[in-house]
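Down below is the structure, laid out as structure tokens.
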Amino acid sequence: MTDKPKLTDKAPGFHIIDHVIYHTTFDIPELVPAEGMKRATKAFIGMKWLLFKSGLGATNHFETLGFIRSRDNVSYPDIQYHLLPVAVNYDGSSSFKGHGFQLHVGPMRSKSRGWVRIKSNKLITKPEIKFNYMSHPDDWVDFRNCIKNTRKILQQLSFSNFCGKEIQPGENVTSNNEIDQFIIEKAESAYHPCGTMKMGQISNPMSVVDPECKVIGVKNLRVVDSSIFPRITNGNTNAPSIMVGEKASDMILGKDPLPRENLSPFKSK
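When we follow our numbering, the leftmost residue of the sequence shown carries the number 6, and every step to the right adds one.
The following block contains the structure:
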């Protein structure tokens, strides 16, 4: 899962960052009728969405999320959860036979760094992209804490009527070696890559774009997407990417900037 970079880690293009997650899946004990997702029911759900744009088909079911601290000495919530009220794989197949729910969980600030490298001056040659997931030892500690904290949360009394048997990774996966093996087999991208074209001052050799998103050393070219993030956001990258686009459009149109707001999203211990 790791490799040595083929270019210096001080070069633009090196610092590709991503959020990596895995699914923790749990059985729901006899609360949902077994016939709830038979073909006829699925057809009804689909027709209700097609005709009225309502019902279970009108949501992607990733509507509930939360953040926690992985350890007491962490100053910000560094683990993110997404609750999915079904047990399903990304390809739409069922995780197991039965009814369940999933918590998609992963650390927000991985220390692992990968790279994007141009392999040729020919346009048809694809670049080399290496995410280098789990190449930093601290990432293994953070991921183990994700599983351990998830179990602590779901063992609380308030979840007793909703949380049954642990399907994935499984109640027998307890040691660090067993958890690490599960991570190797099941961890996957949250599709949040960013960071290869850092925004910064022109004097900084790592900077690719200046504070107005202009590519340094190239005329009439801007980059306006998540690749200009100096580091990955603590949460999904969609909204921050939209904010980058809105800000860049204001600068391109010459609009006055909005007044600054320094808000605190959470209280540090």
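We put the beta carbon where it would ideally sit given N, CA and C, even for glycine.
Contact between the segment 182-200 and the segment 140-159 (3+ Cβ pairs under 8 Å): yes
Residues of its chain near Pro262, where Cβ-Cβ distance is below 6 Å and the 5 sequence neighbours each way are ignored: none
Lys135 - containing beta strand (DSSP E), residue span: 133-135
Rounded distance between the beta-carbons of Val213 and Ile221, thought under 8 Å: 6 Å
Own chain, CB closer than 7 Å to Pro90, minus 5 neighbours either side, in chain order: His66, Phe106
Through-space distance from Asn267 to Thr277, alpha-carbon basis: What the structure shows of the chain is the stretch from 6 to 274, and residue 277 is not part of that stretch, so it cannot be assessed.
Proximity of Pro198 and Ile21 at Cβ, strictly below 8 Å: yes
Pro245 - DSSP class collapsed to helix/strand/coil: helix
Short Cβ contact (8 Å threshold) for Ala45 with Trp54: no
C-alpha distance - Phe31 paired with Pro245, whole-angstrom precision: 32 Å
Residue burial classification, Pro264 (beta-carbon count within 10 angstroms, cutoff 16): exposed
Inter-residue spacing [alpha-carbon to alpha-carbon] between Pro38 and Phe101: The predicted model places Pro38 with a pLDDT of 47, which falls under 50 and marks its position as unreliable, so this point remains unresolved.
Stretch-stretch touch, CB-based, cutoff 8 Å, three pairs: the segment 115-123 with the segment 135-144: yes
Under 8 Å between C-beta atoms of Ala5 and Ile33: Lying outside 6 to 274, the shown extent of the chain, residue 5 is not represented and no answer is given.
3 or more residues per run - each beta strand (DSSP E) lying fully within the segment 148-208: 171-173
Among His109, Glu217, Lys252, Asn243, nearest to Lys191 - alpha-carbon criterion: His109
Status (buried if at least 16 other CB within 10 Å, exposed otherwise) for Gly71: exposed
Any beta strand (DSSP E) of 3 or more consecutive residues that is wholly inside the segment 78-112: 84-89, 105-112
Whole-angstrom C-beta distance between Gly205 and Arg236, which should lie under 8 Å: Wrong, their Cβ atoms sit about 12 Å apart, outside the cutoff.
Assumed close pair Glu133, Lys124 - CB separation to whole angstroms, cut-off 8 Å: 5 Å
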